[in-house]
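Reading through the structure tokens given below for one structure.
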Amino acid sequence: EDKVVQSPLSLVVHEGDTVTLNCSYEVTNFRSLLWYKQEKKAPTFLFMLTSSGIEKKSGRLSSILDKKELFSILNITATQTGDSAVYLCAYNSNYQLIWGAGTKLIIKP
Amino acid sequence: DAGVIQSPRHEVTEMGQEVTLRCKPISGHNSLFWYRQTMMRGLELLIYFNNNVPIDDSGMPEDRFSAKMPNASFSTLKIQPSEPRDSAVYFCASKTSGNSDEQFFGPGTRLTVL
């Protein structure tokens, strides 16, 4: 059965710290892996990854995919309180996204 | 540009009542998804439409749930009769048929069944 596992489930750090969130997957028909950020509302898109080893970057956030080892990481450097959210990863198999449970990130001032 | 529009944003109803949730996808998007999100089960896909046709409804919990997409700009998710365990946030999302797999989410409907 296809599945996505995220770790850690929750993480508390102080402002300015760097965090790494993990997403591993077991799939039968991989197409892409996506990262979303969810605050107290709908998930908002961060990155879509399709190729191994190519880093996607947006400001202090970056992500990379390893298709051989079947995982992806999301890095956030110089964290700010506004980064507090649940970070979801999902892989795309054909038409639908299979979602992980998310990592709840709390940034303390 | 308007994003995905959902209504109502909040719904409180009593067990046994019929509930109808509405969604207007982004114009030009030809795929529409209904999700349910709870603390216990996370984000679950309920049903997926492509070009207004239901492609996969295997995530619909039971016969009490039904969804329609009469045209490219409107979809409904109906629960009849509702039960307390249906309480959740229901999201509608849409995407294009292009190379991007990004789904654009609506603000969600928070449903509480008493």
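Residue numbers (this note's numbering), protein chains in the order written: chain A, 1 to 109; chain B, 110 to 223. Glycine residues also receive a C-beta, built at the ideal position from the N, C-alpha and C atoms.
For A/V12, which residues of its own chain have a beta-carbon under 6 Å away from its beta-carbon, when the five flanking residues on both sides are left out?
Within the same chain, A/V12 has close Cβ partners I106.
Which stretch, first to last residue, makes up the beta strand (DSSP E) that contains A/I107?
Residues 103–108.
With a threshold of 16 other CB atoms inside 10 Å of the CB of A/I76, please say whether the residue is buried or exposed.
Around the beta-carbon of A/I76, 16 or more other beta-carbon atoms lie within 10 Å, marking it buried.
Pairs of beta-carbons, one from the stretch 132–143 of chain B and one from the stretch 180–191 of chain B, closer than 8 Å: are there three or more?
Touching, yes, given that three or more Cβ pairs across the two stretches are closer than 8 Å.
Does B/Q126 pass the burial test, meaning 16 or more other C-beta atoms within 10 Å, or should it be called exposed?
Exposed: under 16 other Cβ atoms inside 10 Å.
Going by the beta-carbon positions, is the gap between A/E71 and A/S32 smaller than 7 Å?
Per the sequence shown, the amino acid found at residue 71 of chain A is Phe instead of Glu. No, Cβ-Cβ distance for A/F71 and A/S32 is not below 7 Å.
Can you tell me the Cα-Cα spacing of B/V121 and B/E192, whole angstroms?
Answer to the nearest angstrom: the Cα atoms are 12 Å apart.
Cβ-based burial, B/S203 [other Cβ within 10 Å; buried from 16]
By the 10 Å Cβ count, B/S203 comes out buried.
So, is A/Q80 buried or exposed, given that buried needs 16 or more other C-beta atoms within 10 angstroms?
Of the other Cβ atoms in all chains shown, fewer than 16 fall within 10 Å of the Cβ of A/Q80; this residue is therefore exposed.
Consider the Cβ of A/N94: report whether some Cβ of chain B lies at a distance smaller than 7 Å.
Interface criterion not met: the Cβ of A/N94 is under 7 Å from no Cβ in chain B.
Runs of beta strand (DSSP E) lying entirely within the stretch 138–166 of chain B, each at least 3 residues, in chain order:
Listed in chain order, the complete beta strand (DSSP E) runs (minimum 3 residues) inside the stretch 138–166 of chain B are 140–147, 151–159, 162–165.
Nearest-angstrom Cα distance between A/T50 and A/L97?
Cα to Cα, the separation comes out at about 14 Å.
Closer than 9 Å at the beta carbon, the chain B residues around A/L34:
Going along chain B in sequence order, the residues near A/L34 (Cβ under 9 Å) are D210, E211, Q212.
Within 8 Å of chain A by C-beta, residues of the stretch 157–170 of chain B in sequence order:
Residues Y157, N159, I164, D165.
Outcome for A/E15 when other beta-carbon atoms lying within 10 angstroms are tallied against a minimum of 16
Around the C-beta of A/E15, fewer than 16 other C-beta atoms lie within 10 Å, and the residue is accordingly described as exposed.
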